[in-house]
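Those protein sequences? They're chains A and B, same order as listed.
The opening position of the first sequence corresponds to residue 1 in the UniProt record's numbering, with each subsequent residue numbered one higher.
The opening position of the second sequence corresponds to residue 1 in the UniProt record's numbering, with each subsequent residue numbered one higher.
Even for Gly, the Cβ is constructed at its ideal location relative to N, Cα and C.
All of these numbers come straight from a predicted model, not from anything done at the bench.
Following: one structure in structure tokens, then a few remarks.
2 protein chains.
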Amino acid sequence: MINPTAAMLVIGDEILSGRTRDSNMHHLAGELTKHGITLAEARFVADDPDAIVASVRALSQGYDHVFTSGGIGPTHDDITADSIAAAFGVSIDVRADARALLEAHYARTGTELNDARLRMARIPAGATLIDNPISIAPGFTIENVHVMAGVPTIFEAMVASVLPTLTGGAPLLSQSLRVERGEGEIAAPLGQLAKDFPDLSFGSYPFNHNGAFGTNIVVRGQDGAKVDVAMTELARMVQQ
Amino acid sequence: MINPTAAMLVIGDEILSGRTRDSNMHHLAGELTKHGITLAEARFVADDPDAIVASVRALSQGYDHVFTSGGIGPTHDDITADSIAAAFGVSIDVRADARALLEAHYARTGTELNDARLRMARIPAGATLIDNPISIAPGFTIENVHVMAGVPTIFEAMVASVLPTLTGGAPLLSQSLRVERGEGEIAAPLGQLAKDFPDLSFGSYPFNHNGAFGTNIVVRGQDGAKVDVAMTELARMVQQ
């Protein structure tokens, strides 16, 4: 069985300038793997409409699902929603259901729903809303693109809202073995295993911890019994 | 003055599966900003030759510099060097100068230079070597693409080797102001400032720290005096 594929698009100058370190991609990667969806590509672009439109189109055509993070909010530099609408050639405006969510929320908290905040109710035509239990302003799904906030707590809540609605595949299982030997010494046995088990994947990740070199070897696959057999074989080979 | 642009390409299944969290992009972003080079895009792709070749070509044509991380090493799944050679249509083979570096290093440490390790001396024709003071196996530069290891300590050492050889621009200066007000309240003054100071950039980054909402506002530009003036004006506006 081939799992569905996904791509992520992270939008924001602050990550590319090194001011902020992104955590959303790592979170999404783990959640998708558990759900049996393969994250095949991620792109980070600046707050630039042309870059967003081009990336959304390319990723939407190339993968089953696209998840975006960042650039939705009340300020002048939040241009994601407009760029997504442009990418799909649809109109965008304040929508009644999104506006009602914000009105109720700000009435409860005694805050003014000003023009800036109302921008967060701008939704491309034909999109469905994504629930935001943290700060209410919704994300949205249009075609196969899920548009979510960049603030990690809100992003994570939106991912939790969206994932159960998607059909996943078989979760990818993995086992790892840590060996105190350089990658160069286990390369040959690993190459042999990759030939013997064509439907498993083998990765080797060298580490350098306090001056000690070694390698983590990871075996991944959808068939747990096969992963077990390969791990046993691997342990035998590298411990000779 | 317009600064040179750069893109990053991070190669590796282990990051897209969520097993490992990348730190190289955040490091490179900060170093480039200090050096006056604008990181405009980053892409993460799997250990897949077609994906690497397509990304290298697109990024090499789109930006002044490209920095890659990961997928060079002795094992069967390190296919970066071959893919880079394919992207530029050049041959690749073990090269004498790279082989000499490895021979001297492994002789010193009493380790066998086996076939797997010798793979690390495979260099595309026409490339120049990038110094690796940590584990010796070199990176390389071909055209405008700098190919570096994925292990963070080695990646960082290679960045330090490459950056002084590149012409930078004016470093981007930034100042930030933390306000205990929601993004929706400072959106209007920020929009006005963006109009008044067209050669500065203004970003607002909402935070949610232990239940308290607020916004970090960042003003960036190459002219420090202008950034000062804008910050003073900003403080006056949001503290009214």
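Since glutamine 192(B) is in the alpha helix (DSSP H), which residue starts that stretch and which ends it? 183-196
Residue ranges of each beta strand (DSSP E) within the segment 42-86 of chain A, 3 or longer: Counting only runs of 3 or more, we get 65-69.
Anyone know if the C-beta pair for serine 91(A) and alanine 100(A) falls short of 9 Å? No. Outside cutoff.
Check whether the Cβ of proline 164(B) lies closer than 9 Å to any Cβ atom in chain A. Under the Cβ distance rule, proline 164(B) does not count among the residues neighbouring chain A, no pair being separated by less than 9 Å.
Short Cβ contact (9 Å threshold) for valine 66(A) with alanine 7(A): It is a contact, given that the beta carbons lie within the stated cut-off.
Leucine 9(A) versus Asp47(A), Asn208(A), Arg19(A), Gly36(A), residue with shortest Cα-Cα distance: With distances taken between Cα atoms, leucine 9(A) lies closest to Asp47(A).
Per-residue contacts from glycine 203(B) into chain A (C-beta, under 9 Å): Gly12, Asp13, Glu14, Ser17, Arg19, Asp47, Thr75, Asp77
Could you tell me which residues DSSP pairs with glycine 221(A) in its beta bridges? Leu173(A)
Between histidine 35(A) and chain B, is any beta-carbon pair separated by less than 9 Å? At a cut-off of 9 Å, the C-beta of histidine 35(A) has no neighbouring C-beta in chain B.
Residues in the segment 141-160 of chain B with C-beta within 7 Å of chain A's C-beta atoms, listed in sequence order? Val151, Thr153
How long is the line joining the alpha carbons of histidine 35(B) and alanine 127(B), rounded to whole angstroms? 23 Å
Go ahead and label arginine 117(B) buried or exposed: buried means 16 or more other beta carbons lie within 10 angstroms of its beta carbon, across all protein chains shown. So arginine 117(B) ends up on the buried side.
Could you name the residues of chain A that glycine 184(B) contacts, counting a contact when the two beta carbons are closer than 7 Å? Pro74, Asn114, Ala116, Arg117
Do methionine 231(A) and glutamine 192(A) have their CB atoms nearer than 9 Å? no
Considering only their Cβ atoms, is the gap separating isoleucine 186(A) from serine 204(A) smaller than 9 Å? yes
Residue environment, aspartate 78(B), which counts as buried when at least 16 other CB atoms sit within 10 Å: buried
Are alanine 81(A) and isoleucine 72(A) touching if we call contact CB-CB under 9 Å? yes
Methionine 237(A) versus proline 189(A) - alpha carbon distance: 6 Å
Report yes if the C-beta distance between leucine 39(A) and leucine 28(A) is below 9 Å; otherwise report no. yes
Can you pull the chain B neighbours of valine 218(A), defined as C-beta to C-beta under 8 Å? Glu14, Arg19
If the criterion is Cβ atoms closer than 9 Å, does the pair alanine 212(A) and phenylalanine 202(A) meet it? no
Counting only beta-carbon separations shorter than 9 Å, does glycine 191(A) have a partner in chain B? yes
Start and end residues, beta strand (DSSP E) containing isoleucine 92(B): 92-94
Does aspartate 196(A) pass the burial test, meaning 16 or more other C-beta atoms within 10 Å, or should it be called exposed? exposed
Beta carbon proximity, histidine 65(B) to chain A, threshold 9 Å: It does not; no Cβ of chain A falls within 9 Å.
Is the beta carbon of threonine 153(A) sitting closer than 9 Å to the one on isoleucine 134(A)? yes
So is glycine 89(A) buried or exposed if we call it buried at 16+ other beta carbons inside 10 Å? Looking at its Cβ environment, which holds fewer than 16 other Cβ atoms inside 10 Å, glycine 89(A) is exposed.
What does arginine 122(A) touch in chain B if you count any residue whose Cβ is under 8 Å from its own? Neighbours of arginine 122(A) on chain B: none; closest Cβ ~13 Å, over 8 Å.
Should isoleucine 37(B) be labelled buried (16 or more other beta-carbon atoms within 10 Å of its own) or exposed? buried
Nearest chain B C-beta to aspartate 82(A) closer than 9 Å, yes or no? Closer than 9 Å: no.
For threonine 68(B), tell me which candidate among Pro49(B), Arg43(B), Asp50(B), Gln61(B) has the shortest Cα-Cα distance. Arg43(B)
Mind checking which residues open and close the alpha helix (DSSP H) that includes glycine 139(A)? Run containing glycine 139(A): none in the alpha helix (DSSP H); it sits in the beta strand (DSSP E), 139-142.
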